[in-house]
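Down below is the structure, laid out as structure tokens.
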Amino acid sequence: MVALKNKNIPNHKEISPKKQNVIFLALVIGFVCIINLLVSFSNIRIDLTEEKRFTLTPATVKMLHNLKDNIYVEVLLDGNLPAGFKRLQESTQSVLDQFRNQTSFVQYNFVDPLDTKNINEKNERIKDLADQGIKPTNLRVMENNESTEKLIYPVAIVKYGSEIIPVNLLESSVAGFSDEEVLNQSINLIEYKLADAINKILRKKKPTIAFTKGHGEPQPVESRDLITTLAPFYDLKWIDLDSMYQVPEDIKLIIMANPSKPYSEKAKFVLDQYIMNGGNTMFLINRLKVDMDSFRNAKAEFVPIENDVNLEDMFFKYGFRIEPNLVLDLECSKIPLVVGKLGTGVQTDLFNWYYAPLLTGTGQHPIVKNIDRVNAYWTSTVDTVKTKTSILKTKLLQSSQHSRLQYAPMRINFEILRYDPDPSKFDKPYQPISWLLEGSFSSLYENRVSPEMMDGLKQIKVNYLATGKPTKMFVMSYGKLINNIYNPENNDFMPMGYNTFEKHLYGNKDFVINTIEYMFDENGILSARAKEVKLRLLDNVKIKDEKTYWQLLNVLTPLILLGGGTIIFNYIRKRRFAGKA
Numbered sequence: 001m002v003a004l005k006n007k008n009i010p011n012h013k014e015i016s017p018k019k020q021n022v023i024f025l026a027l028v029i030g031f032v033c034i035i036n037l038l039v040s041f042s043n044i045r046i047d048l049t050e051e052k053r054f055t056l057t058p059a060t061v062k063m064l065h066n067l068k069d070n071i072y073v074e075v076l077l078d079g080n081l082p083a084g085f086k087r088l089q090e091s092t093q094s095v096l097d098q099f100r101n102q103t104s105f106v107q108y109n110f111v112d113p114l115d116t117k118n119i120n121e122k123n124e125r126i127k128d129l130a131d132q133g134i135k136p137t138n139l140r141v142m143e144n145n146e147s148t149e150k151l152i153y154p155v156a157i158v159k160y161g162s163e164i165i166p167v168n169l170l171e172s173s174v175a176g177f178s179d180e181e182v183l184n185q186s187i188n189l190i191e192y193k194l195a196d197a198i199n200k201i202l203r204k205k206k207p208t209i210a211f212t213k214g215h216g217e218p219q220p221v222e223s224r225d226l227i228t229t230l231a232p233f234y235d236l237k238w239i240d241l242d243s244m245y246q247v248p249e250d251i252k253l254i255i256m257a258n259p260s261k262p263y264s265e266k267a268k269f270v271l272d273q274y275i276m277n278g279g280n281t282m283f284l285i286n287r288l289k290v291d292m293d294s295f296r297n298a299k300a301e302f303v304p305i306e307n308d309v310n311l312e313d314m315f316f317k318y319g320f321r322i323e324p325n326l327v328l329d330l331e332c333s334k335i336p337l338v339v340g341k342l343g344t345g346v347q348t349d350l351f352n353w354y355y356a357p358l359l360t361g362t363g364q365h366p367i368v369k370n371i372d373r374v375n376a377y378w379t380s381t382v383d384t385v386k387t388k389t390s391i392l393k394t395k396l397l398q399s400s401q402h403s404r405l406q407y408a409p410m411r412i413n414f415e416i417l418r419y420d421p422d423p424s425k426f427d428k429p430y431q432p433i434s435w436l437l438e439g440s441f442s443s444l445y446e447n448r449v450s451p452e453m454m455d456g457l458k459q460i461k462v463n464y465l466a467t468g469k470p471t472k473m474f475v476m477s478y479g480k481l482i483n484n485i486y487n488p489e490n491n492d493f494m495p496m497g498y499n500t501f502e503k504h505l506y507g508n509k510d511f512v513i514n515t516i517e518y519m520f521d522e523n524g525i526l527s528a529r530a531k532e533v534k535l536r537l538l539d540n541v542k543i544k545d546e547k548t549y550w551q552l553l554n555v556l557t558p559l560i561l562l563g564g565g566t567i568i569f570n571y572i573r574k575r576r577f578a579g580k581a
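Okay, so the sequence shown: first residue is 1 according to this note's numbering, each after it adds one.
Okay, structure coming up:
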């Protein structure tokens with residue numbers, strides 16, 4: 001049989017295998033390019049990191065979605081930067097890009113404020129920034145084999161209309177932390193600092209904070225650092241609870257710092273009803289009266305007495321109790337003592353002062369996350385007690401594992417420093433010093449208000465509440481937490497937590513500011529402080545010992561894999577097309 005050839009069917013040549021491979025490769029490259037182009041326009045990102053470092057917290061996302069007007073962020077980190085600051089710059093830009101992915105109302109720009117060769121113009125810019133409270137970091141860097149000093153501004157300026165808020169992106173050095181760890185801590189806090197600044201600058205009205213007075217509290221100059229820090233964002237008042245029948249509604253937080261005189265029942269009732277109506281409070285109270293001024297010389301001794309401010313029954317009702325004891329800790333700050341004479345003067349040396357414990361934060365609460373230890377003096381343990389209502393109690397600060405207790409009455413002198421401490425006697429670890437209580441509290445005067453008193457309250461239009469609205473309460477057994485060293489001669493002051501003997505700044509200020517911010521943080525912005533980017537450092541010892549091995553491995557392995565893959569590919573190709581040659 002003869003097969004007939006169909007003349008209507010064209011005779012196509014088969015595409016060669018080589019041409020097929022080229023076409024397939026071109027299609028793959030084209031597909032990848034199109035996908036990349038689409039992704040670049042849509043800003044789609046997938047965070048595969050373990051700690052979700054490229055994912056914003058829900059509170060920040062919610063705040064950004066509620067923006068109705070443009071926020072401009074000017075970051076003063078640009079130009080030729082050292083490696084560490086370059087990483088801080090890139091991390092800041094990454095966070096701002098994440099902000100822009102959520103809303104188009106966030107605009108940013110990176111500038112070098114000192115990018116000029118004119119010395120006069122540069123000095124003028126430095127002065128203008130200083131007038132805004134923006135100070136540079138002075139670094140020593142190597143340029144052209146020479147060590148030179150360079151001013152760098154690790155600052156972002158958040159602008160909204162005519163309002164500006166400078167944001168310091170670089171954390172201060174922390175004892176025991178390397179530069180890498182401090183830089184990593186700074187990167188951890190970028191989201192929180194920027195989100196907090198945006199949240200503050202959008203406030204239509206400043207919240208009001210009141211400090212109590214009239215009961216031996218410190219003068220405002222003794223808390224000038226805190227006042228200066230809070231003033232741009234809060235309205236500050238000083239109130240005497242004895243002189244009012246009701247706390248004004250605009251006061252959202254009352255700070256009771258180091259009172260030394262008893263409160264009257266009237267003042268307690270006013271404070272109680274303020275708390276029942278949802279007012280936030282901070283109690284900073286030493287249970288025992290004692291101060292370093294009590295020691296006039298090395299041979300002096302002192303017997304502390306109880307600091308009776310007539311609030312113990314109120315505290316017990318609210319769910320906590322400040323015990324009449326003192327906490328001693330081997331982890332403590334130092335004080336100077338005279339050890340001899342040097343000519344006409346005296347010779348001093350620093351000694352551990354066990355009554356000045358260095359307190360550490362507990363857990364992952366944003367108030368204590370990423371802060372240095374808090375330096376306190378003459379602290380007592382703060383215990384919690386069961387309450388009628390359900391109260392969330394969070395321990396914030398505690399002593400170290402090497403602590404012990406002394407109960408009143410006791411004698412205090414410097415004899416304890418003459419001998420090396422016995423660690424076995426410091427057997428009361430992790431004593432609680434500070435608590436945060438959240439919930440609805442029961443009134444101290446529940447079932448104690450007479451009908452006559454109720455009638456009197458109605459006449460002055462005051463409603464009595466036996467069970468309160470949800471609120472936040474902070475307590476710490478260190479009354480001078482918000483104090484700073486003040487020099488009346490030059491009207492100058494040191495930051496809170498600065499130890500003049502050790503020349504070290506502890507985390508007191510960060511702790512206080514975080515606590516106050518938490519009291520007003522209805523949107524949960526502070527939760528971004530708990531975000532942690534793990535620092536995965538290389539093992540320098542291994543790097544030195546195994547340097548050659550890892551260099552050869554990284555250089556030769558890709559070449560071996562590429563060569564092997566080429567040989568296998570050619571072998572398969574020859575076998576596949578050997579019969580078609």
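Built from N, CA and C at the ideal position, the CB exists for glycine as well.
The Cβ-Cβ distance between residue 278 and residue 468 falls below 8 Å. By the Cβ-count criterion, residue 389 is exposed, with fewer than 16 other Cβ atoms from all chains shown falling within 10 Å of its own Cβ. Collapsing the DSSP output to three states places residue 112 in coil.
Beta-carbon to beta-carbon, residue 188 and residue 447 are separated by about 49 Å, too far to satisfy the 8 Å threshold. Apart from the 5 residues on each side of it in sequence, residue 85 sits with its Cβ closer than 7 Å to the Cβ of 77, 152, 154 in its chain, given in chain order.
Within the same chain, Cβ atoms closer than 7 Å to the Cβ of residue 216 are found at 259, 260, 261, the five residues on either side in sequence being excluded. For residue 469, there is no enclosing beta strand (DSSP E), as DSSP marks it with neither H nor E. Between the stretch 299-318 and the stretch 399-417, the count of C-beta pairs closer than 8 Å reaches three or more; the two stretches touch. In the three-state reduction of the DSSP assignment, residue 321 falls in the strand class. Nearest C-alpha to residue 81 among 123, 37, 150: 150. Between the alpha carbons of residue 131 and residue 378 lies a gap of roughly 39 Å.
Around residue 238, the same chain offers 211, 213 as residues with beta carbons nearer than 6 Å, after the five sequence neighbours per side are excluded.
Per DSSP, residue 123 is one residue of the alpha helix (DSSP H) stretching across 119-131. Scanning its chain for C-beta atoms nearer than 7 Å, with the 5 sequence neighbours on each side dropped, one finds no residue around residue 547. Rounded to the nearest whole angstrom, the C-alpha separation of residue 445 and residue 381 is 26 Å. Runs of the alpha helix (DSSP H) lying entirely within the stretch 437-524, each at least 4 residues long, are 451-459, 508-520 in chain order. Between residue 506 and residue 514, the C-beta spacing is not below 8 Å. Counting the other Cβ atoms within 10 Å of the Cβ of residue 113 gives 16 or more, which makes it buried. If you draw a straight line from the Cα of residue 326 to the Cα of residue 359, it is about 14 Å long.
In this structure, DSSP gives residue 373 a state outside helix and strand, which the three-state scheme calls coil. In the DSSP assignment, residue 410 is bridged to no other residue. Contact annotation: residue 139 and residue 88 have beta-carbon atoms that are not nearer than 8 Å. Classified as buried, residue 191 has 16 or more neighbouring CB atoms from the shown chains inside 10 Å of its CB. By the C-beta density criterion, residue 471 is buried, having at least 16 other C-beta atoms within 10 angstroms.
Under the three-state reduction of DSSP output, residue 137 falls in the strand class. Residue 437 places its beta carbon 8 Å or farther from that of residue 395.
Using a Cβ distance threshold of 8 Å, residue 200 and residue 233 count as a contacting pair. The distance from the Cβ of residue 218 to that of residue 330 is about 29 Å, inconsistent with a contact at the 8 Å cut-off. Bounds of any beta strand (DSSP E) do not take in residue 80, whose DSSP letter is neither H nor E.
Taking the Cα of residue 95 as reference, the smallest distance to any Cα among 128, 185, 55, 67 is reached at 55.
When the beta-carbon positions are compared, residue 443 and residue 272 come within less than 8 Å of each other. C-alpha of residue 501 to C-alpha of residue 63: approximately 43 Å in a straight line. Collapsing the DSSP output to three states places residue 378 in coil.
When 510, 566, 461 are compared, the shortest CA-CA separation from residue 247 is found for 461.
Looking at the backbone, the Cα of residue 252 and that of residue 482 are separated by about 18 Å. Collapsing the DSSP output to three states places residue 63 in a helix.
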